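Below: one structure, written as structure tokens.
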Amino acid sequence: GEVLKNLNKFYKRKEIQRLGTENGLDARLFHQAFISFRKYIMESSSVSADLHIILNDICCGFVLLGHVDDLFPFFLRHAKQIFPMLDCMDDLRKISDLRLPPNWYPDARAIQRKIIFHAGPTNSGKTYHAIQRFLSAKSGIYCGPLKLLAHEIFQKSNDANVPCDLVTGEERVFANEDARQAPHVACTIEMCSTNTPYEVAVIDEIQMIRDPARGWAWTRALLGLCAEEIHICGEPAAIDLVTELMYTTGEEVEVRNYKRLTPLTVLDYALESLDNLRPGDCIVCFSKNDIYSVSRQIEARGLECAVIYGSLPPGTKLEQAKKFNDPDDPCKILVATDAIGMGLNLCIRRIIFNSIVKPTVNEKGEKEIDSITTSQALQIAGRAGRFGSSFKQGEVTTMHHDDLMQLKEILSEAVPPVRAAGLHPTPEQIEMFAYHLPDATLSNLIDIFVSLSQVDGMYFVCNIDDFKFLADMIQHIPLNLRSRYVFCTAPLNRKEPFVCTTLLKFARQFSRNEPLTFDWLCRHTKWPLAAPKNIKELVHLEAVHDVFDLYLWLSYRFMDMFPDAVLVRDIQKKLDDIIQIGVCNITKLIRASQSAAPGTAEVVSEDFPLSRTQKDARVVSDRHCAASTEALSVAVEAEGLRRAKNLRPSRLGSRQEDLKSYGRGSLANRLLREGLLTQEMLKQLESEWQDQHRNGRYGFGSKRDDQHGSKETRKKRK
3 GEVLKNLNKF YKRKEIQRLG TENGLDARLF HQAFISFRKY IMESSSVSAD
53 LHIILNDICC GFVLLGHVDD LFPFFLRHAK QIFPMLDCMD DLRKISDLRL
103 PPNWYPDARA IQRKIIFHAG PTNSGKTYHA IQRFLSAKSG IYCGPLKLLA
153 HEIFQKSNDA NVPCDLVTGE ERVFANEDAR QAPHVACTIE MCSTNTPYEV
203 AVIDEIQMIR DPARGWAWTR ALLGLCAEEI HICGEPAAID LVTELMYTTG
253 EEVEVRNYKR LTPLTVLDYA LESLDNLRPG DCIVCFSKND IYSVSRQIEA
303 RGLECAVIYG SLPPGTKLEQ AKKFNDPDDP CKILVATDAI GMGLNLCIRR
353 IIFNSIVKPT VNEKGEKEID SITTSQALQI AGRAGRFGSS FKQGEVTTMH
403 HDDLMQLKEI LSEAVPPVRA AGLHPTPEQI EMFAYHLPDA TLSNLIDIFV
453 SLSQVDGMYF VCNIDDFKFL ADMIQHIPLN LRSRYVFCTA PLNRKEPFVC
503 TTLLKFARQF SRNEPLTFDW LCRHTKWPLA APKNIKELVH LEAVHDVFDL
553 YLWLSYRFMD MFPDAVLVRD IQKKLDDIIQ IGVCNITKLI RASQSAAPGT
603 AEVVSEDFPL SRTQKDARVV SDRHCAASTE ALSVAVEAEG LRRAKNLRPS
653 RLGSRQEDLK SYGRGSLANR LLREGLLTQE MLKQLESEWQ DQHRNGRYGF
703 GSKRDDQHGS KETRKKRK
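Read in order, the letters of the sequence shown correspond to residues 3 to 720 in our numbering.
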């Protein structure tokens with residue numbers, strides 16, 4: 003007891019905490035080191051003799067011989083054993099010092115660049131003017147957030163007799179038949195070269211510099227492109243940050259403001275019923291399940307609709323957009339997610355928000371639902387009444403009357419200014435870390451890098467959860483560090499179990515130096531594949547398309563090991579055609595899914611990763627929630643109150659209505675769809691309800707049990 007009391011006294015001493023900080027132990031590391039040190043002393047049978055003597059003097063009250071501060075050298079020695087980086091902390095701090103990103107690009111700093119910011123809302127012509135300058139230049143690079151946008155500029159440029167190459171993570175297309183590099187290139191922003199000189203560079207959607215996952219790519223392009231003129235397009239909210247960043251490089255920013263070219267009206271009435279749909283309407287949903295539900299209800303009314311959502315292949319999206327835009331096609335209604343916010347030219351008369359709450363993941367990685375942001379609402383609403391389309395003005399409203407006032411409030415608010423630009427550790431920095439910490443895993447190296455990194459107020463370190471997820475997944479496979487890093491930066495959707503499993507197999511075969519051939523890939527994906535007969539099969543085909551994308555992405559980084567890119571691209575185009583057939587018949591697939599399992603609803607989340615227990619359990623029976631409705635009601639109330647704390651006060655009033663009106667179907671399905679409930683939580687609640695009924699009790703267990711369950715659930719989700 004005396005030992006424990008004195009150890010806790012040691013831990014609480016401000017002087018000890020200060021010494022810990024001086025030796026590289028921040029509050030988190032200090033706490034972890036102390037827990038380990040305390041466990042070592044209390045449980046180890048082999049405490050060193052000198053430490054044993056010190057502890058004895060302290061516990062016996064020999065003030066002249068022992069004081070708790072005397073434990074510090076032993077504590078620090080123990081801390082260095084569990085945190086080896088403490089021995090080379092100065093070197094690691096220098097490597098992870100991210101305070102002067104402009105200095106990373108000496109070629110860009112060697113020239114005086116002209117920076118022009120084209121600022122304006124959607125459909126204001128800002129990108130058009132930047133692209134005109136791109137086309138008139140002797141050489142140029144376009145950097146966009148999506149493959150669709152890069153492909154559009156590639157097409158537009160070559161159609162204007164300006165030879166332009168296309169470069170994305172998965173594709174290289176040369177304008178010249180002899181594969182000579184053209185003076186112009188359209189690329190996804192991650193693929194831009196910071197070494198090639200250009201006359202003009204265009205950086206599209208600059209506000210994405212704040213994106214928690216991809217913001218680093220915009221920062222890299224903005225600071226590093228070697229172009230005489232940099233044309234930046236995006237929201238006015240990014241002007242101040244870009245101006246500040248350019249001040250640190252000694253470059254001035256010229257701002258050109260644009261106004262919307264066609265009027266956009268927020269209607270005073272909601273749609274209320276799908277019977278009130280008109281040609282040119284687009285219903286925006288925030289989950290695949292709502293897409294399925296709404297599209298089936300529309301076709302039940304004898305109307306034809308196009309469908310666009312994020313996980314569809316680019317070719318299918320373009321075909322669905324073409325079908326909707328074609329004045330001679332009977333399809334006059336579009337049902338889409340917010341994937342229409344960028345990259346597609348659509349002839350929309352009226353945007354109808356099916357809901358104004360969207361599932362999100364907060365900075366702690368927890369699932370929440372919150373009202374859409376002003377920026378999101380403007381981006382989506384702005385798609386109505388596109389300049390040059392058959393609709394000279396746009397309209398926006400909601401499906402439900404209760405959401406309309408809230409939408410008006412969201413749209414009327416100012417977009418918060420972009421505060422910081424994203425950064426990401428480079429392979430070279432991680433390699434230097436690995437030199438100092440040869441026994442650390444890649445996931446640990448990244449963690450240590452982020453914890454030691456220093457950034458100034460204009461920057462932040464991007465979220466590296468996806469990177470760490472892949473690093474942990476392939477940790478047991480023997481790869482050199484550079485190859486491991488490349489595999490961990492692969493742009494896959496970690497909520498797709500089949501895609502993750504494939505990456506694992508790719509890495510395993512790669513480590514054995516066995517090439518991933520076309521035949522191997524066909525066997526793994528069971529190619530050729532038939533047209534889907536239900537929604538589950540359609541979702542699987544989308545995952546296979548992502549696997550082909552992954553192969554192509556890796557083929558440009560390891561050509562010898564992924565040698566059959568041409569063959570894979572051919573079958574990917576065929577798969578795109580098969581998926582298009584499925585999407586064109588989507589209501590038949592929905593009916594087939596529901597008739598195959600009566601009383602069930604297909605649950606396919608495109609918003610959150612599937613946990614291990616979820617990945618084979620996409621179909622959730624209404625019976626699952628029928629038996630536990632009482633327990634769920636309590637859960638919803640408690641969970642709803644917790645989530646509501648994150649909503650702005652002015653929106654709290656309609657929170658209950660949001661939950662009532664958001665979608666149809668069973669209570670469990672609605673909660674799963676909104677991200678308020680995972681399948682693990684559902685099973686846990688049902689189990690608790692049954693246990694308590696067997697004991698003749700109602701309600702939930704103790705507060706402590708609830709908290710424990712919550713932690714367990716969070717661990718599983720990770």
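We put the beta carbon where it would ideally sit given N, CA and C, even for glycine. If you're wondering where the values come from, they're calculated on a predicted model, not measured in any experiment.
When rounded, the separation of the alpha-carbon atoms in residue 378 and residue 11 is 51 Å. Within the same chain, 107, 110, 196 come within 6 Å of residue 226 by CB-CB distance, once the 5 residues on both sides are set aside. For residue 242, there is no enclosing beta strand (DSSP E); the residue is found in the alpha helix (DSSP H) stretching over 241-251. In terms of Cα proximity to residue 191, the closest of 178, 168, 393, 496 is 168. For residue 424, the secondary structure class from DSSP, reduced to helix, strand or coil, is strand.
When DSSP assignments are scanned along the segment 338-400, the uninterrupted stretches of alpha helix (DSSP H) that are 4 or more residues long and fall wholly within it turn out to be 376-383. Apart from sequence neighbours up to five positions away, the residues of its chain that approach residue 184 with a beta-carbon distance below 8 Å are 165, 166, 167, 176, 177, 178, ordered along the chain. Considering only 494, 595, 150, 259, the residue with the shortest C-alpha distance to residue 553 is 494. Look at the segment 148-226 and you find these whole runs of beta strand (DSSP E), each 3 residues long or longer: 166-169, 186-190, 199-205. Contact between residue 374 and residue 337 is ruled out by a C-beta separation of about 17 Å, above the 8 Å threshold. Per the Cβ contact rule, the segment 569-584 is in contact with the segment 523-531 (3 or more Cβ pairs under 8 Å).
Using a C-beta cut-off of 8 Å, the segment 198-212 makes no contact with the segment 89-101, since fewer than three inter-stretch Cβ pairs fall below that distance. A contact between stretches requires three or more CB pairs, one per stretch, nearer than 8 Å, and the segment 558-570 meets this requirement with the segment 511-518.
Each residue's CA atom was taken as its position, placing residue 317 and residue 151 some 13 Å apart. Secondary structure of residue 334 (DSSP, three-state): coil.
The beta carbons of residue 424 and residue 216 sit closer together than 9 Å. The continuous beta strand (DSSP E) containing residue 283 extends over residues 283-286. Judged by their CB atoms, residue 580 and residue 533 are nearer to each other than the 9 Å cut-off. The Cβ atoms of residue 349 and residue 391 sit closer than 9 Å to each other. The beta-bridge partner set that DSSP reports for residue 323 is empty. Rounded to the nearest angstrom, the gap between the Cα atoms of residue 139 and residue 118 is 15 Å.
Remark: C-beta atoms of residue 351 and residue 393 approach each other more closely than 9 Å.
In this chain, the alpha helix (DSSP H) harbouring residue 584 covers 567-586. Looking at the DSSP output, residue 229 shares a beta bridge with 200.
Closest by C-alpha distance to residue 471, out of 460, 502, 479, 456, is 502.
Taken through DSSP and simplified to helix, strand or coil, residue 112 comes out as coil.
Annotation: residue 85 to residue 479 spans about 24 Å, alpha carbon to alpha carbon.
Comparing alpha carbon positions, the residue from 432, 277, 426 closest to residue 463 is 426. Counting along the chain, no beta strand (DSSP E) covers residue 237, and no H or E run does either. About 7 Å separates the beta carbons of residue 282 and residue 334, which is inside the 8 Å limit, making them a contact pair. Around residue 13, the same chain offers 36 as residues with beta carbons nearer than 6 Å, after the five sequence neighbours per side are excluded. Per the C-alpha coordinates, the member of 382, 275, 434 positioned closest to residue 402 is 275. Taking C-beta separations shorter than 8 Å and ignoring five residues to either side along the sequence, the partners of residue 540 in its chain run 534, 581, 584, 585, 588, 591, following chain order.
Under the 8 Å Cβ criterion, the segment 229-243 does not count as touching the segment 439-449, having fewer than three qualifying pairs. Residue ranges of uninterrupted alpha helix (DSSP H) with 4 or more members are absent from the segment 292-319; none lies entirely inside it. Fewer than three pairs of CB atoms, one per stretch, sit closer than 8 Å, so the segment 142-150 makes no contact with the segment 255-263.
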